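The structure appears right after this line, and notes come after that.
There are 4 protein chains.
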Amino acid sequence: MTVVMEAEELSGFLDSEFPQIAGDFVIEEVGERRIRVRLLVGHRHLRPGGTVSGPSMFSLADVAVYLALQAMVGPVSLAVTTNCSIDFMHKPAANTDLIAECRLLKLGRMLVVGDVQIFSEGGLEPVARASLTYSIPPKRA
Amino acid sequence: MTVVMEAEELSGFLDSEFPQIAGDFVIEEVGERRIRVRLLVGHRHLRPGGTVSGPSMFSLADVAVYLALQAMVGPVSLAVTTNCSIDFMHKPAANTDLIAECRLLKLGRMLVVGDVQIFSEGGLEPVARASLTYSIPPKRA
Amino acid sequence: MTVVMEAEELSGFLDSEFPQIAGDFVIEEVGERRIRVRLLVGHRHLRPGGTVSGPSMFSLADVAVYLALQAMVGPVSLAVTTNCSIDFMHKPAANTDLIAECRLLKLGRMLVVGDVQIFSEGGLEPVARASLTYSIPPKRA
Amino acid sequence: MTVVMEAEELSGFLDSEFPQIAGDFVIEEVGERRIRVRLLVGHRHLRPGGTVSGPSMFSLADVAVYLALQAMVGPVSLAVTTNCSIDFMHKPAANTDLIAECRLLKLGRMLVVGDVQIFSEGGLEPVARASLTYSIPPKRA
Chain A
1 MTVVMEAEEL
11 SGFLDSEFPQ
21 IAGDFVIEEV
31 GERRIRVRLL
41 VGHRHLRPGG
51 TVSGPSMFSL
61 ADVAVYLALQ
71 AMVGPVSLAV
81 TTNCSIDFMH
91 KPAANTDLIA
101 ECRLLKLGRM
111 LVVGDVQIFS
121 EGGLEPVARA
131 SLTYSIPPKR
141 A
Chain B
1 MTVVMEAEEL
11 SGFLDSEFPQ
21 IAGDFVIEEV
31 GERRIRVRLL
41 VGHRHLRPGG
51 TVSGPSMFSL
61 ADVAVYLALQ
71 AMVGPVSLAV
81 TTNCSIDFMH
91 KPAANTDLIA
101 ECRLLKLGRM
111 LVVGDVQIFS
121 EGGLEPVARA
131 SLTYSIPPKR
141 A
Chain C
1 MTVVMEAEEL
11 SGFLDSEFPQ
21 IAGDFVIEEV
31 GERRIRVRLL
41 VGHRHLRPGG
51 TVSGPSMFSL
61 ADVAVYLALQ
71 AMVGPVSLAV
81 TTNCSIDFMH
91 KPAANTDLIA
101 ECRLLKLGRM
111 LVVGDVQIFS
121 EGGLEPVARA
131 SLTYSIPPKR
141 A
Chain D
1 MTVVMEAEEL
11 SGFLDSEFPQ
21 IAGDFVIEEV
31 GERRIRVRLL
41 VGHRHLRPGG
51 TVSGPSMFSL
61 ADVAVYLALQ
71 AMVGPVSLAV
81 TTNCSIDFMH
91 KPAANTDLIA
101 ECRLLKLGRM
111 LVVGDVQIFS
121 EGGLEPVARA
131 SLTYSIPPKR
141 A
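Residue numbers (our numbering), protein chains in the order written: chain A, 1 to 141; chain B, 1 to 141; chain C, 1 to 141; chain D, 1 to 141.
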């Protein structure tokens, strides 16, 4: 399978589907079953001490898998997250963007599984890892 | 074990620790190893169609376990989430508050495990379930 | 919805589908979206010290959700586990049967989510909790 | 950090700690924070149709992280699994050994997080992925 939506098109799709959050994310690189997404860390993502909040990391992982899926199967508005497991392993660097490296491990007709590692920009060890399942509803006849 | 911080005191603790988000949550009831927390759903929690976003549900589950833990062991600023597994099972009702029912299944010295079911207010079936682990760092001598 | 397969019929179904493991389990009670299943702990489930192994607890949780699903929707050979999250919270009692209390939190046409708490027989605190998703393949025309 | 126990020594450690299951596994390669472990698939791991059971895959993932941990920190009998999240993505090939590729994403003093991909031998796509947390109890003074 090959990529059917490149970064620019994906970015437009995100703007139209999720206007509330699209401005938080930059799609840095798209490949076959892979994507790199940046979270532009702003005040609303922070907790006391400047660390990035757990929900912000969850949100980044969720968006990354969603976009990796869209890149491979074309615009599918109805894909929904059904499960996420996330490990928070290290405290993110203060006031630093986060980078998600996402791979799709399964790209089925109904279920898609993505694996994400999240790094503080420039960091070598992941601050979090997540795996998410998206469900794609069957098309109506 | 008995509750060492009641709803009002917990609410003040949340205000002081997490001022960015404290206004989103109302502690409805505190019991032994149990808590009920409401997410006051506002525009920033919504996705197109009025449904509450996944990160908002994650945030509610995370806060609920954090507060249930604080209620039992007293103010512990350093407790951190190390793991969360969450299942999104039904679409939340549009523009409706969410209610988290949380129980602590393990209350260890170092690790605490909480179980959360999330309902749209008035709904009978949970829209999501989550389990979270918090780690409590050992006290320095 | 009501129960369509009671304990005896479920037990026969387990024997025919999974003869390798059916003898390890006893279905103790079946209700609407609920089941209680016992693991008859034998030598092969133990680790040094007499504690029950993690894979044995996983297996019990998996079987419990599978049977709860079958009880509600009738014999569905093709249901497959797609995800499991499990927390091991306390060491099980030595040489003691385990009891799984399972509830189905979602009973969809394609996805079923079950929640399981596992106790050492007679114990008050769960030794483990798990949530599992089963996928039911669409019927071919 | 460097490897403190190589494959042969690890294998002896597994024999002495878990004699019930040690014969099922072969340690194929050990590296810094990495290990490859083979499950010698036998009759007891199979389900009807020849497919490897879920509990067998869970067991392989669990052993792989345990051994990767031991390889890095030396023999630590008391390390216990506290959490596992596993996605079953494809049906394993019939009657074929499984290969686990494990990396440690976090190697803390108290908590260790490992990530595992499981392949049917010779397969290109993982049949399952798992992440596990081990807790290492603090040493008594």
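We put the CB at the ideal spot given by N, CA and C, even for glycine. As the structure is a computational prediction, the values presented were derived from the model and not from experiment.
When the five nearest sequence neighbours on each side are left out, the beta carbons in the same chain lying within less than 6 Å of the beta carbon of Leu14 of chain C are those of Ala22, in order along the chain.
Rounded to whole angstroms, the gap between the alpha carbons of Tyr66 of chain B and Arg103 of chain B is 11 Å.
Residue-level contact by beta carbon holds for Thr82 of chain D and chain C, with a gap shorter than 8 Å.
Sequence-ordered contacts of the region 110-122 of chain D with chain A read Val113, Asp115 [C-beta pairs closer than 7 Å].
DSSP places Ser135 of chain D inside the beta strand (DSSP E), whose first and last residues are 128-135. At a cut-off of 8 Å between beta-carbon atoms, Arg47 of chain D makes contact with chain C. With a threshold of 8 Å between beta carbons, Leu40 of chain D makes no contact with chain A. In this structure, the straight-line span from the alpha carbon of Lys106 of chain B to that of Ser16 of chain A is close to 43 Å. The beta carbon of Ser11 of chain C sits no closer than 8 Å to any beta carbon of chain D. Contact between Val41 of chain A and Leu98 of chain A holds, with the beta-carbon distance rounding to 6 Å and staying under 8 Å.
Fully contained in the region 29-74 of chain C are the following alpha helix (DSSP H) runs of length 4 or more, in chain order: 54-73.
Within the region 88-102 of chain A, contact with chain D at the beta-carbon level (separation under 8 Å) is assigned to Met89, His90. Beta bridge pairing from DSSP links Val80 of chain B with B:Ser135.
Taking 8 Å as the threshold, the shortest C-beta distance from Ile86 of chain B to chain A falls below it. Rounded to the nearest angstrom, the gap between the Cα atoms of Ser59 of chain C and Asn95 of chain A is 44 Å. Of all residues in the region 17-40 of chain D, the ones placed with a Cβ closer than 9 Å to any Cβ belonging to chain C are Glu17, Phe18, Pro19, Gln20, Ile21, in chain order.
By the Cβ neighbour-count rule, Leu78 of chain C is exposed, with fewer than 16 other Cβ atoms within 10 Å of its own. The Cβ of Thr51 of chain C sits no closer than 8 Å to any Cβ of chain B.
In terms of beta-carbon proximity, Gly108 of chain A stays away from the interface with chain B, with every pair separated by 8 Å or more. Ser53 of chain A and Tyr134 of chain B have their C-alpha atoms spaced approximately 14 Å apart. Listed as beta-bridge partners of Ser11 of chain B by DSSP are no residues whatsoever. Taking C-beta atoms under 8 Å as the contact rule, Val63 of chain C and Ile136 of chain C fail to qualify, at a distance of about 17 Å. Counted as a single uninterrupted DSSP element, the beta strand (DSSP E) harbouring Phe119 of chain B occupies residues 111-120. For Thr2 of chain D, no chain A residue has a C-beta closer than 7 Å to its own C-beta; the minimum C-beta separation is roughly 17 Å.
Going by DSSP, Ala100 of chain D is part of the beta strand (DSSP E) stretching over 98-107.
A contact is defined here as three or more CB-CB pairs under 8 Å, and the region 26-37 of chain A meets this definition with respect to the region 2-14 of chain A. Residues of chain C whose Cβ lies closer than 9 Å to the Cβ of Pro126 of chain B are, in chain order, Leu105, Lys106.
Under the 10 Å beta carbon count, His45 of chain D is surrounded by 16 or more other beta carbons and is classified as buried. For Gly123 of chain C, the closest C-alpha among the options C:Pro138, C:Met110, C:Glu101 is that of C:Glu101. Closest by C-alpha distance to Ala68 of chain D, out of D:Gly12, D:Gly114, D:Pro126, D:Leu39, is D:Gly114. Note: Ile21 of chain C is not bridge-paired with any residue in the DSSP secondary-structure output. Distance from the CA of Val116 of chain C to the CA of Thr82 of chain D, rounded to the nearest whole angstrom, comes to 16 Å. Contact of Ser135 of chain C with chain A by beta-carbon distance below 8 Å involves Met110, Leu111. Annotation: Cβ neighbours of Pro138 of chain C in chain A (cutoff 9 Å, chain order): Met110, Pro138. The Cβ of Gly74 of chain B sits no closer than 8 Å to any Cβ of chain A.
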